[in-house]
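Asker:
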Amino acid sequence: MMHSDNERFTAVKDLECLYERQAKTFLEDAVNHRSIFHKLDKRSLDFYNASYSPWFQWFYRMAICILFLLPLFEWPSSFTLNSDIRKNIVRPRLPCGVTEVVELVCLLVVLLESICLCCAFESSWVKRNPWLLGRFVVFSVYLVDLSVSLAFSCNEFHRIRRFLRPYFLISNSQLMKKLLKCLRRTLPKLLSTLFLLLLWLVFASMVALCVFSGKHHTDSGAANSTDSSSSFPDFYRTMINLLVLTTTANHPDVLVDMYNKNRATAIFSIVFLGLGLYVLMNILTAIIYSEFRGYMLSSVQARLTRRRLATRAAFEVLALLDQSLRAHGPFAVVSPESPACTMFRLLTLAIPYKDCSPQFLRITPRSDLVRSDRLIQLLDSINISSWKKEALREAYVSNFGESDLNVTQFMQLFRTLDLSSPRFTRDRLPPVSSRFAQCLQAWLVSYSFYKLSIAVSFLNIVNLAIDISSRLKSPGISVQLRITNWCFVVFYLLEQGGLMWAYGVKPFFSKLSNVFNLIVVSFLLIAKLIELAFLIYANGKFPTHLVDFSLWDIVNLTNILLLIRAVRLVNMFVWTSLVTSVLKDLPRNLAPVLGILLSVYYVYALLGMSLFHGVIVYNANSSSTENLQCGSYQQLQYWSINFDDFAASIVLLWDLMVVNNWHVIVTAYQQTLNNWVHLYMISWWLIAPVGLLSLVTAFVIESFLHRRDLYSKAIALASHPKEVVLVSSNPTPDLTVGPSNCLSVNPSRTARSYSHHTEMFSEPIVYETTPVTLFQPERYEEAVFTISTSSLDELFRAALQEPSEDELLVQLNQHKQLQRQLCAAQFANTVNQESTD
């Protein structure tokens, strides 16, 4: 049976598109540290790419976010002005079915993502993935509970499904699952240390009962009575008070009565806190930190291995495609009887793994090459951030000259994916005509003008302190202070306008710091104009308030905006800039810990609402605080701190986590209910402040140490002797930054450096005024301040080991779909050779 050339060409293109799509998917897996053990046929890739597409992931994240926010709208609603139980708060209530329909839609989004993953992976992989299987169990319970709510017209208070929502957040994050596994493995060591802490509390409680309580004779001498301290009335209460003392929340109140009688009581306080707080609690933190670092290091190592494995799989697919096309020619897929068509049919039908001959089942090191045109096309098609795609293109052109790549070169090229931030580039300044404009432009973008702006911000802080103090002391506002404030506003306006002119509109708005400063200055100008209008109305004897918005409110808003504008003062000193850079990286690095902490907050807030809703009741007949115990819940007016709605529960848990007067809240609920309240409160203290906040401490320490090491390297490089470079003639030099009083040019190209690599700094800035050029010192300081951001991978980069080729091949040979593909290709080659012979 004969087939036309068009049919042959179509068959070849279908096979080629399938291979290229597989390679593209593998590289996207490498970017996101995903597993490559998914199916490789067209239908499965459709499901896989759909589940991880940006738009679908956006919908998934929005669904999770809405599910977490639903308790604010569900009964009892949190949309009230306050949560004070002394007031008859009227809570808004949505009609039955509104929130239920919203959560059903969100649940369908999560269910659709789970079904796509099940269709994209082998059934054996799905069976070994408990988190994915657990979703379907959660779906079943969720739907049953949702049906019960609708059947009871949404009048039931306890809803099981609300406790299941954090599962969807954690199951979709690799790092959160790793973190939970890390905490689970750390639990035995934590329990042993907690047991030691418990023994210490029991021992200290017994000592306190023996020392601070005893028998004495009454004045009549007729009988004996026990004189027990109010802080240590019995064993249970003594141990609870000492546990609170471990957090120093009730120090020195719990011991002050005994100390008033005998100063030797201080010895007990010093020994107990010295060993309990400063030794045992710090040992707990050290255990969590060490175990976390070790396990997170192994997790990051696994992420690196997944990235290298996905890159190696992409090369394997591309090399196999090029090998097949070279072996069979451009029209190899001729008919259903042709060898290449047999290969394509085997791929489409996904031949059983057991049917492949053993000699075809082993992936071995290759000496094949990946064509340059195919690689360029692949770089254009993969879905990654634009700066990473540009970095890949530049690395390919500069290092390999757009040539064909072998496996070593291919792996080296895609190590560019390890970059955590775009390179530092010094933008080309727009050309200006006059000499004065050139000097002004060079001065505006120089470091000297930046220091002037910092100095003005510092003076602004001083002026604000004087201004606010004078406004509080006297109702009037001096004319001098008003003029000074307007001078600062005018300077900020001129600064932003000058920088926008000097850099150009597009480069200016490409930096978020410039956009932020421009927005703040714009709001500041509007506020000052409104303040001026109020003053004009006041002089004209018009009312100086509009809709409960007075002149004083405008003044306060202006001061706040000026304070926000002065935040840039943190960059005045090297170490403050270093700390702020660590703070900037923390949200990204702390994402898994914050996700777990958010889930724990969510579950404990719902549990607190279920257990303690409406427990604290305000008695209007005993509103006087004269007869109340000093330091009690009622005497301190803690009426807004309760579990009566979701938002109030979150705030109460925050107060417990901060452990400042937390025993007051615990005592109020314990006196209203029973001692079992301590189980809830103390478990929260152990999980949140002791456990999760120790992980936050570990992340902060790692981030700071990593940033400090990078800074030390940058300082060492910046202290090198300055080079001297001859100026080459160039009729159209690129304008860059020079000294404050002259023009500076770079005749070669725009200076740049990779921000992820501290060893690479900006190229020398050259001066037009002399026949030689010197490095500009300010630009070395700028290079120091532009050290790369520290991602989670960067924190452990020094301790990571690159996986060997043998390790990658061993894991590739475990990919059944890839082996089936290799088996089909090898089988087609064998059949083609036999038919040729």
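Residue 1 is where the sequence shown starts when you use the UniProt record's numbering, and the numbers rise one by one after that.
By construction, the Cβ of each residue, glycine as well, lies at the ideal position given by its N, Cα and C atoms.
Since this is a predicted model, take the numbers as computed values, not measurements.
#1: Output the distance between the C-alpha atoms of L201 and W75, rounded to the nearest integer angstrom.
#2: Would a C-beta distance cut-off of 8 Å place A648 and S83 closer than the cut-off?
#3: Write down the C-beta distance between L81 and F168 rounded to the nearest angstrom, noting that I regard them as a contact closer than 8 Å.
#4: Give the secondary structure of G497 by DSSP, where H, G and I count as helix, E and B as strand, and everything else as coil.
#5: Is it buried or exposed for G608, if we count other Cβ within 10 angstroms and need 16 for buried?
#6: Measure the C-alpha to C-alpha separation of V479 and N260 and round it to an integer number of angstroms.
#7: Evaluate contact between the stretch 292–306 and the stretch 169–181, counting only Cβ atoms and requiring at least three cross-stretch pairs below 8 Å.
#8: Tell me whether C210 is buried or exposed, calling it buried when 16 or more other Cβ atoms sit within 10 Å of its Cβ.
#9: Just the Cα atoms here: how many angstroms apart are D219 and T265?
#10: If the criterion is Cβ atoms closer than 8 Å, does the pair E156 and S149 meet it?
#11: Which residues share a DSSP beta bridge with F121?
#12: N514 and L499 look like a contact to me (Cβ under 8 Å); what is the Cβ gap, rounded to whole Å?
#13: Touch check for the stretch 634–642 and the stretch 81–100: three-plus C-beta pairs under 8 Å?
#14: Quick one: what's L405 bridged to in DSSP?
#15: Excluding the five sequence neighbours on either side, which residues of its own chain have a C-beta within less than 8 Å of the C-beta of L104, listed in chain order?
#16: Taking its Cβ as the centre, do 16 or more other Cβ atoms sit within 10 Å of S290, making it buried, or is it exposed?
#17: Leaving out the 5 sequence neighbours to the left and right, which residues in its chain are closer than 7 Å to K24 when beta-carbon positions are compared?
#18: Under the three-state reduction of DSSP, which class applies to residue 838: helix, strand or coil?
#19: For N559, which residues of its own chain have a beta-carbon under 8 Å away from its beta-carbon, when the five flanking residues on both sides are left out?
#20: For R707, count neighbouring Cβ atoms within 10 angstroms of its own Cβ and tell me buried if that reaches 16, exposed if not.
#21: Return the Cβ separation of L656 and I665 in integer angstroms, given the expectation that the two are a contact with Cβ distance under 8 Å.
#22: Which residues mark the beginning and the end of the alpha helix (DSSP H) in which D655 is found?
#23: Where Q819 and L40 are concerned, what is the direct C-alpha to C-alpha distance, given to the nearest angstrom?
#24: Strictly under 8 Å for the Cβ-Cβ distance: is K127 near chain B by that measure?
#25: Can you give me the C-alpha to C-alpha distance between T770 and C439, rounded to a whole angstrom?
#26: Could you give the residue range of the alpha helix (DSSP H) that holds D806?
#27: Mind reading off the beta-carbon distance from E495 to S453? Whole number of angstroms is fine, and I expect it under 8 Å.
#28: Within its chain, find whatever has a CB closer than 8 Å to the CB of A249; leave out the 5 residues flanking it on each side and keep chain order.
#29: For the alpha helix (DSSP H) containing F235, name the first residue and the last one.
#30: So is F699 buried or exposed if we call it buried at 16+ other beta carbons inside 10 Å?
#31: Are there 16 or more other CB atoms within 10 angstroms of the CB of R308, so buried, or fewer, so exposed?
#32: Given a cut-off of 8 Å, decide if P592 and L179 are closer than it, judged by their beta-carbon atoms.
#33: To the nearest angstrom, how far is it from the Cα of V727 to the Cα of S403?
#34: With DSSP collapsed to three states, give me the class of G504.
#35: Please give the ranges of any beta strand (DSSP E) in the stretch 383–453, keeping only runs that are unbroken, at least 3 residues long and fully inside the region.
#36: Would you give the residue range spanned by the alpha helix (DSSP H) that C630 belongs to?
Answerer: Working from what's here:
#1: Looking up residue 201 in the sequence shown gives position 201. Looking up residue 75 in the sequence shown gives position 75. One C-alpha to the other measures close to 41 Å.
#2: For the purposes of this step, residue 648 is taken as the residue at position 648 of the sequence shown. For the purposes of this step, residue 83 is taken as the residue at position 83 of the sequence shown. Closer than 8 Å, so yes.
#3: Stepping through the sequence shown from its first residue, residue 81 is reached at position 81. Stepping through the sequence shown from its first residue, residue 168 is reached at position 168. With 8 Å as the limit, L81 and F168 do not qualify as a contact, their Cβ atoms being about 32 Å apart.
#4: Counted from its first residue, the sequence shown places residue 497 at position 497. Looking at G497 - three-state DSSP - the assignment turns out to be helix.
#5: Counting from 1 along the sequence shown, the entry for residue 608 is found at position 608. With 16 or more other Cβ atoms from the protein chains shown falling within 10 Å of its own Cβ, G608 counts as buried.
#6: If you number the sequence shown from 1, residue 479 lands on position 479. If you number the sequence shown from 1, residue 260 lands on position 260. Their Cα atoms are separated by approximately 56 Å.
#7: yes
#8: Counted from its first residue, the sequence shown places residue 210 at position 210. By the 10 Å Cβ count, C210 comes out exposed.
#9: The sequence position of residue 219 within the sequence shown is 219, counting from 1. The sequence position of residue 265 within the sequence shown is 265, counting from 1. Reliability of the predicted coordinates at D219 is poor, the pLDDT of 47 falling under 50, and the value obtained from them is presented with this limitation in mind. The straight-line gap separating the alpha-carbon atoms of D219 and T265 is approximately 26 Å.
#10: By 1-based counting over the sequence shown, the position of residue 156 is 156. By 1-based counting over the sequence shown, the position of residue 149 is 149. Yes, these two residues count as a Cβ contact at 8 Å.
#11: Your numbering for residue 121 matches position 121 in the sequence shown. H38.
#12: What you label residue 514 is simply residue 514 of the sequence shown in a count that begins at 1. What you label residue 499 is simply residue 499 of the sequence shown in a count that begins at 1. With a Cβ gap of about 7 Å, N514 and L499 count as contacting.
#13: yes
#14: The sequence position of residue 405 within the sequence shown is 405, counting from 1. Paired residues: V370.
#15: Mapped onto the sequence shown, residue 104 falls at position 104. Around L104: L146.
#16: Mapped onto the sequence shown, residue 290 falls at position 290. Exposed, since its Cβ has fewer than 16 Cβ neighbours within 10 Å.
#17: Locating residue 24 in the sequence shown gives position 24, where the first residue counts as 1. Result list for K24: L378, S381, I382, in chain order.
#18: Past the edges of the chain, shown from 1 to 837, lies residue 838, and the structure says nothing about it.
#19: For the purposes of this step, residue 559 is taken as residue 559 along the sequence shown, with counting starting at 1. Here the set comprises L464, D467, I468.
#20: Numbered from 1 along the sequence shown, position 707 holds the residue referred to as residue 707. Its Cβ being crowded by 16 or more others within 10 Å, R707 is buried.
#21: Walking along the sequence shown from the start, residue 656 turns up at place 656. Walking along the sequence shown from the start, residue 665 turns up at place 665. Right, the Cβ-Cβ distance comes to about 7 Å (below 8 Å), so this counts as a contact.
#22: One-based indexing of the sequence shown puts residue 655 at position 655. That run of the alpha helix (DSSP H) goes 646–658.
#23: As a working note, residue 819 is residue 819 in the sequence shown. As a working note, residue 40 is residue 40 in the sequence shown. The straight-line gap from Cα to Cα measures roughly 11 Å.
#24: The displayed structure is made up of one protein chain only, and chain B is not part of it.
#25: Numbered from 1 along the sequence shown, position 770 holds the residue referred to as residue 770. Numbered from 1 along the sequence shown, position 439 holds the residue referred to as residue 439. Model confidence at T770 stands at a pLDDT of 33, short of 50, so the residue's coordinates are unreliable and nothing is read from them.
#26: Here the question's residue 806 lines up with position 806 in the sequence shown. Note, D806: alpha helix (DSSP H), 805–812.
#27: Walking along the sequence shown from the start, residue 495 turns up at place 495. Walking along the sequence shown from the start, residue 453 turns up at place 453. That belief holds up - the Cβ atoms of E495 and S453 are roughly 6 Å apart, short of 8 Å.
#28: Here residue 249 refers to the residue found at position 249 of the sequence shown. Answer for A249: V659, N660, N661, W662, H663, listed in chain order.
#29: Position 235 of the sequence shown, counted from the first residue, corresponds to residue 235. Start and end: 235–246.
#30: Locating residue 699 in the sequence shown gives position 699, where the first residue counts as 1. Flag for F699 reads buried.
#31: The residue you call residue 308 lines up with position 308 of the sequence shown. By the neighbour-count criterion, in which a residue is buried when 16 or more other Cβ atoms sit within 10 angstroms of its Cβ, R308 is buried.
#32: Taking the sequence shown and counting its residues from 1, the one referred to as residue 179 is at position 179. Taking the sequence shown and counting its residues from 1, the one referred to as residue 592 is at position 592. The answer is yes: Cβ separation under 8 Å.
#33: For the purposes of this step, residue 727 is taken as residue 727 along the sequence shown, with counting starting at 1. For the purposes of this step, residue 403 is taken as residue 403 along the sequence shown, with counting starting at 1. Only weak support is given to the placement of V727: the predicted model assigns it a pLDDT of 37, under 50, and the value that follows is read from those uncertain coordinates. One C-alpha to the other measures close to 34 Å.
#34: Along the sequence shown, one-based indexing puts residue 504 at 504. Reduced to three states, the DSSP call for G504 is coil.
#35: none
#36: Your numbering for residue 630 matches position 630 in the sequence shown. Here C630 belongs to no alpha helix (DSSP H), and DSSP marks it neither H nor E.
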